[in-house]
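Chemist: Shown below is the structure under consideration.
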Amino acid sequence: TAVILWIAYVIIQVLYLFRQKKRLHLLLYLLIFGVCFWGLNAGWSAYKQRQNVLPVYYSNVSVPMTHFIMMGLNQETYGAYLTEDALYTESFLTTQDKMEANMPVIRQRLGQMLSEGTYLNFLYNKLNRVYCEGDFFWGKEGNFASFDYENGHTFIKSIYYPEGSRHGIYLYVTQGIWVAALLLATGGWNSKMREDCTLAHLTIIGITLFLLIFEMRSRYLIPFLPIFSAAAVFGLEGYVTMKEIRRKTL
Numbered sequence: 063t064a065v066i067l068w069i070a071y072v073i074i075q076v077l078y079l080f081r082q083k084k085r086l087h088l089l090l091y092l093l094i095f096g097v098c099f100w101g102l103n104a105g106w107s108a109y110k111q112r113q114n115v116l117p118v119y120y121s122n123v124s125v126p127m128t129h130f131i132m133m134g135l136n137q138e139t140y141g142a143y144l145t146e147d148a149l150y151t152e153s154f155l156t157t158q159d160k161m162e163a164n165m166p167v168i169r170q171r172l173g174q175m176l177s178e179g180t181y182l183n184f185l186y187n188k189l190n191r192v193y194c195e196g197d198f199f200w201g202k203e204g205n206f207a208s209f210d211y212e213n214g215h216t217f218i219k220s221i222y223y224p225e226g227s228r229h230g231i232y233l234y235v236t237q238g239i240w241v242a243a244l245l246l247a248t249g250g251w252n253s254k255m256r257e258d259c260t261l262a263h264l265t266i267i268g269i270t271l272f273l274l275i276f277e278m279r280s281r282y283l284i285p286f287l288p289i290f291s292a293a294a295v296f297g298l299e300g301y302v303t304m305k306e307i308r309r310k311t312l
């Protein structure tokens with residue numbers, strides 16, 4: 063998901079240059095980007111094969127992207143983690159075997175939803191589960207954390223820890239902030255959006271599409287919270303500007 067921001071940036075630059083009819087600049091920009099992308103990718107691949115900091119002994123048994131697409135199409139959890147899917151993929155040894163095992167399941171699940179006319183409803187429920195939680199699934203998955211409620215700052219823990227007696231306060235506050243941020247983020251949409259505002263919105267669209275295709279969890283949005291915050295600020299600015307324009311026209 064780290065490249066989504068850069069993809070959005072390249073798309074915006076291409077569109078802005080095309081809109082300004084700077085065809086030569088556009089071709090030069092695409093050429094430079096292509097060379098840089100290929101160079102960095104080739105350099106990183108060469109480094110991974112030769113580095114000894116973290117030796118990779120079994121690169122041919124890694125989990126392929128098809129696994130996460132397959133899991134993202136399961137209707138039992140609406141595309142969230144499913145143990146049965148994880149065990150199914152792990153039952154095959156090599157990456158190629160895993161890909162060949164995943165593809166029939168992907169075609170079967172997608173084909174079934176399309177034939178039954180339930181695919182759009184599936185995407186709606188999946189999107190709802192991505193954006194519905196202001197706490198981003200905090201404390202609801204995994205058994206790797208232990209919570210000591212009796213020692214230290216017990217009052218703060220009672221609010222923040224998942225089983226705390228005042229945890230409802232935390233949930234209401236975070237949900238309120240999240241809903242407000244999402245509503246404000248819609249305020250910057252207009253035909254004269256600045257480049258930075260467009261970048262924020264396009265990045266949000268990108269991560270949304272990514273989570274609709276692959277395995278999803280609301281916590282996967284956490285690295286993009288600065289982008290959502292920026293979009294909310296741009297939206298607030300847009301609402302204020304609209305209010306001032308209306309005031310002047312009255």
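Quick note, in my numbering, the sequence shown goes up one by one and the last residue is 312.
Glycine residues also receive a C-beta, built at the ideal position from the N, C-alpha and C atoms.
Quick caveat: nothing in here was measured; it's all calculated off a predicted structure.
Helix, strand or coil, according to DSSP, for GLN75 in the structure here?
Modeler: It is helical.
Chemist: Candidates ILE289, GLN113, MET133: which alpha carbon is nearest MET278's?
Modeler: Per the Cα distances, MET133.
Chemist: Helix, strand or coil: how does DSSP classify ASP258 here?
Modeler: Three-state DSSP puts ASP258 in a helix.
Chemist: Nearest-angstrom Cα distance between ASP21 and LEU244?
Modeler: Nothing can be reported for residue 21, as the shown portion of the chain is limited to 63 through 312.
Chemist: Relative to the C-alpha of VAL191, which candidate in GLN237, ALA142, LEU233, GLY173 has its C-alpha closest?
Modeler: Going by the sequence as given, residue 191 is Arg instead of Val. With distances taken between Cα atoms, ARG191 lies closest to ALA142.
Chemist: Alpha carbon to alpha carbon, what distance is there between HIS129 and LEU158?
Modeler: For clarity, residue 158 is Gln in the given sequence; the question names Leu instead. Straight-line Cα distance between these residues: approximately 11 Å.
Chemist: Starting from the C-beta of PHE198, find all residues in its chain whose C-beta is less than 6 Å away, skip the five residues before and the five after it, and write them out in chain order.
Modeler: Contacts found: SER280, ARG281, ILE284.
Chemist: With burial defined as no fewer than 16 other Cβ atoms inside 10 Å of the residue's Cβ, what is the status of PHE217: buried or exposed?
Modeler: The residue is exposed, with fewer than 16 neighbouring Cβ atoms inside 10 Å.
Chemist: Between which two residues does the alpha helix (DSSP H) containing PRO166 stretch?
Modeler: 157-178 is the extent of the alpha helix (DSSP H) around PRO166.
Chemist: Specify the secondary structure class of MET132 as computed by DSSP and reduced to three states.
Modeler: DSSP places MET132 in helix when its eight states are reduced to three.
Chemist: Measure the CB-CB distance between ILE66 and PHE272 and report whether it falls below 8 Å.
Modeler: In contact: ILE66 and PHE272 (Cβ atoms closer than 8 Å).
Chemist: Since ASN183 and THR156 are thought to touch, with beta carbons under 8 Å apart, how far apart are those beta carbons, to the nearest angstrom?
Modeler: Their Cβ separation, rounded to whole angstroms, is 36 Å, which puts ASN183 and THR156 out of contact at 8 Å.
Chemist: Compare the C-alpha of MET165 against each of THR145, LYS110, PRO126, GLU306 and name the closest.
Modeler: Here the closest residue by C-alpha is PRO126.
Chemist: Hey, how far is the Cα of GLN59 from the Cα of ASN136?
Modeler: Here the chain has residues from 63 to 312 only, and residue 59 is not among them.
Chemist: For the alpha helix (DSSP H) containing SER153, name the first residue and the last one.
Modeler: Element bounds for SER153: n/a, residue is neither H nor E.
Chemist: By Cβ distance, which residues of its chain are closer than 6 Å to HIS229, with the 5 residues on each side in sequence left out?
Modeler: Correct list: empty, nothing qualifies.
Chemist: Helix, strand or coil for GLN237 per DSSP?
Modeler: Note: GLN237 maps to helix in three-state DSSP.
Chemist: Which class does HIS229 belong to by DSSP, given the choice of helix, strand or coil?
Modeler: It is helical.
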